[in-house]
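Asks: Residues in the sequence shown are numbered consecutively from 0, following numbering that gives the first Met the number 0.
Where a beta carbon is used, it is the ideal one built from N, C-alpha and C, also for glycine.
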Amino acid sequence: MIKPTKRLPRRLMFFGAGLVLAGSGLVATPPLFAAGAQRETLGNADGADASSITSEPLTVEKAVARYAAGDIETAIAGLEAQLVDAPDDTAARHNLALLLREAGRMTDAIAVLRAEPELAGELATTLVLAGRPDDAIAVFEAVDLNEAELSGASTAATVTAFWHAVALFDQERWDESDAAFVHAISLREHLPLAYQFRGRIALEQNDPARAVTLLERALRQDANLTASLVPLAQAHRALGRPEQAYGLLSRAVIARPWDRGAAEMRAALEAEHPELVTDREAEVARRIVTASPPRVVPVPTEIAADAPLVRIGLAENVTTLSLKSGGDFTVVDQDGVVVATGGRDTVLTVSAEPGLLALSGGDVSYQGTGPLEIRYDDPAATTMLFDLEYGHGQFSAGREDRSYRGVIRLLSRPDRGATVVNVLDVESYLLSVVPSEMPALWPEAALEAQAVAARSYTLAPRPRFHPRGFDLLASVTSAFYRGVGGEHPRTTAAVLQTAGMVLTHGENALDAVYSANSAGYTEGAESVWGFASPLVGVSDPLLPSRESLPPPADLEAWLADRPTSHSNHERFSSFAAYRWSLWVSVEELAQRLAHPSIGRITALVTRGRGASGRVEAVEVVGTEGSVRVERDLIRSRLGGLRSNLFSVSPRLGTDGLPTHFVFSGAGWGHGVGMCQSGAAGMASAGFTAEEILGHYYPQAPLERWY
Numbered sequence: 000m001i002k003p004t005k006r007l008p009r010r011l012m013f014f015g016a017g018l019v020l021a022g023s024g025l026v027a028t029p030p031l032f033a034a035g036a037q038r039e040t041l042g043n044a045d046g047a048d049a050s051s052i053t054s055e056p057l058t059v060e061k062a063v064a065r066y067a068a069g070d071i072e073t074a075i076a077g078l079e080a081q082l083v084d085a086p087d088d089t090a091a092r093h094n095l096a097l098l099l100r101e102a103g104r105m106t107d108a109i110a111v112l113r114a115e116p117e118l119a120g121e122l123a124t125t126l127v128l129a130g131r132p133d134d135a136i137a138v139f140e141a142v143d144l145n146e147a148e149l150s151g152a153s154t155a156a157t158v159t160a161f162w163h164a165v166a167l168f169d170q171e172r173w174d175e176s177d178a179a180f181v182h183a184i185s186l187r188e189h190l191p192l193a194y195q196f197r198g199r200i201a202l203e204q205n206d207p208a209r210a211v212t213l214l215e216r217a218l219r220q221d222a223n224l225t226a227s228l229v230p231l232a233q234a235h236r237a238l239g240r241p242e243q244a245y246g247l248l249s250r251a252v253i254a255r256p257w258d259r260g261a262a263e264m265r266a267a268l269e270a271e272h273p274e275l276v277t278d279r280e281a282e283v284a285r286r287i288v289t290a291s292p293p294r295v296v297p298v299p300t301e302i303a304a305d306a307p308l309v310r311i312g313l314a315e316n317v318t319t320l321s322l323k324s325g326g327d328f329t330v331v332d333q334d335g336v337v338v339a340t341g342g343r344d345t346v347l348t349v350s351a352e353p354g355l356l357a358l359s360g361g362d363v364s365y366q367g368t369g370p371l372e373i374r375y376d377d378p379a380a381t382t383m384l385f386d387l388e389y390g391h392g393q394f395s396a397g398r399e400d401r402s403y404r405g406v407i408r409l410l411s412r413p414d415r416g417a418t419v420v421n422v423l424d425v426e427s428y429l430l431s432v433v434p435s436e437m438p439a440l441w442p443e444a445a446l447e448a449q450a451v452a453a454r455s456y457t458l459a460p461r462p463r464f465h466p467r468g469f470d471l472l473a474s475v476t477s478a479f480y481r482g483v484g485g486e487h488p489r490t491t492a493a494v495l496q497t498a499g500m501v502l503t504h505g506e507n508a509l510d511a512v513y514s515a516n517s518a519g520y521t522e523g524a525e526s527v528w529g530f531a532s533p534l535v536g537v538s539d540p541l542l543p544s545r546e547s548l549p550p551p552a553d554l555e556a557w558l559a560d561r562p563t564s565h566s567n568h569e570r571f572s573s574f575a576a577y578r579w580s581l582w583v584s585v586e587e588l589a590q591r592l593a594h595p596s597i598g599r600i601t602a603l604v605t606r607g608r609g610a611s612g613r614v615e616a617v618e619v620v621g622t623e624g625s626v627r628v629e630r631d632l633i634r635s636r637l638g639g640l641r642s643n644l645f646s647v648s649p650r651l652g653t654d655g656l657p658t659h660f661v662f663s664g665a666g667w668g669h670g671v672g673m674c675q676s677g678a679a680g681m682a683s684a685g686f687t688a689e690e691i692l693g694h695y696y697p698q699a700p701l702e703r704w705y
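1) Less than 8 angstroms between C-beta atoms, sequence neighbours within five positions excluded: which residues of the same chain meet that for His182?
2) Would Val419 be called buried (16 or more neighbouring beta carbons within 10 Å of its own) or exposed?
3) What does a CB cutoff of less than 8 angstroms around Glu215 pick up in its chain, not counting 5 residues either side in sequence?
4) Taking Cβ positions, are Ala166 and Val142 nearer each other than 8 angstroms?
5) Leaving out five residues before and five after Ser359 in sequence, what residues of the same chain have Cβ atoms less than 6 angstroms from its Cβ?
6) Would you kindly report the start and end of the unbroken alpha helix (DSSP H) that includes Gly693?
7) Counting along the chain, where does the beta strand (DSSP E) carrying Val211 start and finish?
8) Alpha carbon to alpha carbon, how far is Asp206 from Val111?
9) Tell me which residue opens and which closes the alpha helix (DSSP H) that His235 is part of.
10) So, do the region 403-418 and the region 366-384 have three or more beta carbon pairs nearer to each other than 8 angstroms?
11) Taking the straight line between their C-alpha atoms, what separation do you get for Pro759 and Leu192?
12) Could you name the residues that DSSP lists as bridge partners for Pro551?
13) Looking at the secondary structure, which residues open and close the beta strand (DSSP E) in which Arg412 lies?
14) If Gly607 and Glu615 are in contact, beta carbons under 8 angstroms, what's the gap, nearest whole angstrom?
15) Quick check on DSSP: helix, strand or coil for His504?
16) Any idea if Leu440 is buried or exposed, counting beta-carbon neighbours within 10 angstroms, 16 or more meaning buried?
17) Could you tell me the distance, in whole angstroms, from the CA atom of Arg197 to the CA atom of Ala575?
18) When you compare the region 546-558 with the region 168-175, are there three or more beta-carbon pairs, one atom per stretch, that lie closer than 8 angstroms?
19) Return the CA-CA distance between Asn94 and Ser648, expressed in angstroms with no decimal places.
20) Exposed or buried, Phe660, counting other C-beta atoms within 10 Å across all chains shown (16 or more means buried)?
21) From Ala515 to Ser676, what distance separates their C-alpha atoms?
22) Given that a residue counts as buried once 16 or more other Cβ atoms are within 10 Å of its Cβ, and exposed if not, what is Val620?
23) Which one of Glu629, Ser584, Leu592 and Arg627 has the shortest CA to CA distance from Phe662?
24) Which of the three DSSP states is assigned to His594 in this structure?
25) Under 8 angstroms Cβ to Cβ from Leu238, same chain only, skipping five residues before and after it: list those, please.
26) In three-state DSSP terms, what is Leu644?
27) Mapping the DSSP letters down to three states, classify Trp582 as helix, strand or coil.
28) Quick one: what's got a C-beta closer than 6 angstroms to Val26's C-beta in the same chain, skipping five residues either side?
29) Using only alpha-carbon positions, find the residue among Phe139, Gly103, Asp133 and Gly130 that is nearest to Pro116.
30) Quick one: Cα of Ala119 to Cα of Arg187, how far?
31) Output needed for Thr89: all residues of its chain with C-beta closer than 8 angstroms, excluding positions within five of it in sequence on either side, in chain order.
32) In the DSSP assignment, find the unbroken beta strand (DSSP E) run with Thr418 in it and report its ends.
33) To the nearest angstrom, report how far apart Pro297 and Arg703 are at their CA atoms.
34) If you compare alpha carbons, which of Gln195, Pro353, Ala201 and Gly390 is closest to Asp174?
35) Would Ser411 and Gly342 be called neighbours here (beta carbons separated by less than 8 angstroms)?
36) Look up Trp667 in the DSSP assignment and give the residues it is bridged to.
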């Protein structure tokens with residue numbers, strides 16, 4: 000039950016020094032770009048290019064301020080000058096090395112690290128990243144870096160053990176590398192990249208059965224490791240399991256639409272086993288005949304009558320789609336004229352091409368330009384849509400049958416296939432959104448807070464998708480909406496208990512965004528999206544506040560650690576949501592960016608960070624130019640990252656150019672507004688729904704609108 004109560008502290012403040020694993024020689028700092036190099040921008044930020052480079056010494060604090068502003072060149076030059084004046088400044092040396100590494104200056108980073116024996120662990124890691132496994136192993140062997148010598152610092156021990164295993168992998172010492180990864184896993188069982196590497200080793204050793212076990216373990220620990228889907232399919236194929244291989248490749252094609260290799264492999268498998276296609280089509284046809292749309296308990300009339308309607312885009316560019324009626328229905332045109340009627344369990348087929356729409360089945364036969372609506376007099380009736388694709392381009396992608404309350408609207412488009420829209424009152428919509436966005440078994444106060452936040456977000460002014468015929472998408476781009484299949488009694492109770500309650504900003508509903516996991520610190524909308532907003536950054540109640548960006552060495556250590564917070568509650572936060580790592584190949588980056596004019600990608604340079612550490616822009620540096628990726632585009636364009644809160648380093652190949660970029664990150668989602676894991680953690684600690692909302696949305700009054 001929501002009731003007024005006190006608000007929590009919400010300032011962001013400096014986060015103390017974290018675990019330091021590493022941290023030099025000095026060389027002149029070249030500019031990242033040659034004169035006249037081509038630059039382009041993707042996104043919506045106003046961030047300026049790096050300011051003029053200074054060679055004046057900078058303390059770590061001042062260098063961090065320049066780095067936070069997007070001026071890595073001045074930060075590097077200032078720290079280099081600082082080391083000339085104070086060569087024993089280990090903090091400056093450590094942070095300089097990490098900035099050099101991000102800038103792609105691996106040789107310089109190695110020289111800086113060699114000058115400080117205390118930074119041997121970072122030196123070894125950097126040598127591995129630089130494509131010098133022999134030198135890295137020499138450092139590992141010369142310095143005892145086992146967990147006992149690291150004074151119990153398990154994070155440092157795990158990181159060191161992992162990179163030692165990678166160095167052995169690079170030398171193709173398969174058995175030793177596998178044993179080293181096993182050792183790393185013994186230090187921290189949740190290490191999905193270690194399982195992924197072990198799966199690759201098993202394939203190299205022609206052991207597909209073991210590869211399946213290991214790659215499946217990697218994906219269970221972090222479903223975002225979609226690069227494992229294709230080798231896992233290869234392993235199943237080698238074991239004579241074409242059905243499993245086909246399912247994985249089909250998922251890869253949806254989750255990784257830029258991955259031409261996955262599409263080509265699936266096409267080859269279809270040519271070799273045509274029954275895979277026909278069997279799947281037959282299974283869908285069987286479900287169309289046998290399935291029946293569920294009936295639901297309608298939202299009470301006194302609530303639904305006052306609730307605004309919302310239009311949800313379910314699918315676009317549809318050329319053919321099968322659906323089934325859940326009761327007696329009418330089909331009406333845009334003028335409200337009835338063009339057809341039908342009864343329960345009528346199978347309807349939507350066919351569309353640019354500018355034309357057809358609907359057929361039972362007594363329905365329509366051809367025209369639309370739009371059309373399928374309506375029910377019975378509010379308990381639903382409509383089932385078959386084999387609906389969801390999550391395109393996301394690791395959660397797939398296909399399933401889904402049923403929806405309310406009206407189904409079909410729109411023809413002049414230049415593409417049809418758009419399918421679900422029109423219903425906002426409370427009925429929330430019955431599915433809340434359990435789709437937050438597990439229904441989480442604490443009641445968290446579910447109520449989620450219901451209020453989702454309602455506010457839905458009702459906020461949002462014209463972005465209006466030209467496409469709807470208000471919101473059914474995907475996580477807006478809010479995850481699975482239809483009635485996702486509904487649950489506990490979340491239904493939370494929605495109805497808070498019906499009509501909205502967070503406000505002036506006369507409007509607040510755009511109360513939320514994300515799965517903030518990693519302990521949320522970020523202000525101004526940093527993430529570039530505009531002023533009452534959505535400000537806050538710290539988890541169990542963490543120290545943070546007012547400014549920590550030094551790169553502290554941020555790197557914090558990203559590798561798992562500090563105690565409500566966002567890291569063992570029941571409400573997955574390991575991969577709170578902290579994650581991802582390797583993205585340059586081929587994937589090039590395909591996602593689709594900017595071949597910049598040449599081969601050589602560096603990813605962050606251009607501005609908020610106080611939480613979230614990146615505001617990234618300069619993708621190539622051999623022929625650069626392109627700037629900003630704000631929300633960063634996560635999708637740079638490899639399907641879980642968040643913008645990351646550090647990044649290149650991993651070089653034998654030609655001295657990157658083969659991959661290695662991301663170490665924290666959190667899941669944009670990080671603005673309510674942290675869903677944090678809300679559940681707070682609720683389990685006794686905070687009420689209003690306290691949770693007051694913490695994450697401190698500038699938004701809570702009102703009842705209807």
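Replies: With the given structure in hand:
1) Ala160 and Ala164
2) buried
3) So the qualifying residues of the chain are Leu231.
4) With a cutoff of 8 angstroms on beta-carbon distance, Ala166 and Val142 are scored as not near each other.
5) Cβ neighbours of Ser359 beyond the five flanking positions: Thr348.
6) For Gly693, the enclosing alpha helix (DSSP H) stretches over residues Ala688 to Tyr695.
7) From DSSP, Val211 is part of no beta strand (DSSP E) but of the alpha helix (DSSP H) over Pro207 to Gln220.
8) 42 angstroms
9) Leu228 to Ala237
10) Taking a contact to require three or more Cβ pairs closer than 8 angstroms, the region 403-418 and the region 366-384 qualify as touching.
11) This structure does not reach residue 759, given that the chain is present from 0 up to 705, and the question cannot be answered.
12) None, per the DSSP bridge assignment.
13) Unbroken beta strand (DSSP E) run through Arg412: Val406 to Arg412.
14) Rounded, the Cβ-Cβ distance is 4 angstroms, consistent with contact.
15) DSSP places His504 within a strand segment (E or B) once states are collapsed to three.
16) exposed
17) 19 angstroms
18) no
19) 14 angstroms
20) Burial of Phe660 is indicated by the presence of at least 16 other C-beta atoms within 10 angstroms of its C-beta.
21) A straight-line Cα-Cα distance of about 6 angstroms links Ala515 and Ser676.
22) buried
23) Ser584
24) coil
25) Pro207, Ala208 and Val211
26) coil
27) strand
28) Below a pLDDT of 50, predicted positions are generally treated as unreliable, and Val26, at 34, falls in that range; no measurement from the model is reported.
29) Phe139
30) 22 angstroms
31) Gly22, Glu115, Glu117 and Leu118
32) Taken as a continuous stretch (DSSP letters only), the beta strand (DSSP E) holding Thr418 covers Arg415 to Asp424.
33) 21 angstroms
34) Ala201
35) no
36) Asn516
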